[in-house]
Structures are given as C-alpha cells and as structure tokens.
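Each residue of the sequence shown is one higher than the one before, starting from 596 at the first, in my numbering.
Quick reminder that beta carbons are idealized off the backbone N, C-alpha and C, glycines included.
To keep things clear, I will list the structure first and then write my remarks on it.
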Amino acid sequence: MKIAMINCLKANEVCTGAGCLKAFNGRTKHFEQYAGTDLELVAMARCNGCEAGIDEGFKEKLDRIVSIGTEVCHVGVCTVRKDLGKECPVITEALEYLQERGIKIVRGTH
Ligand code: SF4
C-alpha cells in the first residue's frame with residue numbers, strides 16, 4: 596500500500612521526521628492499523644508556508660502525490676494551528692483536493 600505524509604513547513608525548524616518515520620517503520624501510533632501490511636512510503640511533503648498557501652508549487656506537490664498512486668495520506672499533528680485551535684485551513688483545503696482524487700486521509704502520524 597502506498598502511503599504519503601504531509602506536514603507543516605514551520606515544523607521543519609524543529610522536525611527531522613524521525614517520529615513519523617519511527618511510527619511508520621515500527622507500525623505504531625497511527626500506523627498500527629497496517630500491522631502485517633506491506634507499505635511503501637512514497638512521499639513526505641511539506642506545505643509551502645503560510646504566505647504561499649496553495650500556490651502553484653504546492654499544487655504541483657499535491658498532483659505528484661496523486662500521480663504516483665498514493666492510496667493513503669497521513670497528516671502530522673503539527674498542522675493543527677494553536678492560534679485557531681484547529682487544523683490549518685491551507686492543509687484542510689489541500690486534503691480536500693487529495694480526497695476528491697480518491698486518496699484516503701488519516702489525520703495523525705505519531
Ligand atoms: S500554511 Fe499551515 S501548515 Fe503550512 S506552514 Fe502555515 S500553519 Fe503550517
């Protein structure tokens with residue numbers, strides 16, 4: 596099964612992706628549901644930042660995630676905006692775009 600992950604660009608300042616990859620590789624946390632399943636991590640994408648929103652570059656990344664046959668896209672908790680108390684609207688829009696193209700969305704990685 597082909598899995599992609601999307602995270603917040605701001606998280607790059609402190610994030611190595613190690614937590615997501617540890618959970619993915621060990622089939623723990625939000626990847627526990629795939630125990631015994633053959634998984635392929637096909638993309639680890641970030642948004643292009645708050646100012647960019649869904650710009651051409653981000654759209655290109657989303658289209659790439661679709662074109663490579665991604666079946667499920669996991670979304671990091673870093674995409675929840677503390678100031679809003681909910682998921683970043685840019686990410687919500689991006690996930691809707693993927694969902695409309697047949698990709699299942701799972702909120703959470705580790
Ligand atoms: S647009 Fe949202 S997900 Fe992207 S950097 Fe800004 S707060 Fe993070």
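Original post:
What do you reckon, is the C-beta of C603 under 6 Å from a heavy atom of ligand 1?
Top reply: If you number the sequence shown from 1, residue 603 lands on position 8. Yes, the Cβ of C603 comes within 6 Å of a heavy atom of ligand 1.
Original post:
Which word fits F685, buried or exposed, when buried means at least 16 other C-beta atoms lie within 10 angstroms of its C-beta?
Top reply: As a first step, residue 685 must be located in the sequence shown, where it is residue number 90. One detail in the question is off: residue 685 reads as Val in this sequence, not Phe. Looking at its Cβ environment, which holds 16 or more other Cβ atoms inside 10 Å, V685 is buried.
Original post:
ligand 1 heavy atoms versus the CB of G644: any closer than 6 Å?
Top reply: One-based indexing of the sequence shown puts residue 644 at position 49. At least one heavy atom of ligand 1 is nearer than 6 Å to the Cβ of G644, so yes.
Subject >> Span of the alpha helix (DSSP H) around K656 >> reply: Here the question's residue 656 lines up with position 61 in the sequence shown. E651 to S662 is the span of the alpha helix (DSSP H), which, as asked, contains K656.
Original post:
Span of the beta strand (DSSP E) holding K677?
Top reply: Here the question's residue 677 lines up with position 82 in the sequence shown. Run containing K677: none; DSSP gives neither H nor E here.
Subject >> Nearest-angstrom beta carbon gap, K597 and V661 [assumed within contact, 8 Å] >> reply: The count along the sequence shown starts at 1 and reaches residue 661 at position 66. The count along the sequence shown starts at 1 and reaches residue 597 at position 2. That pair is no contact at about 11 Å.
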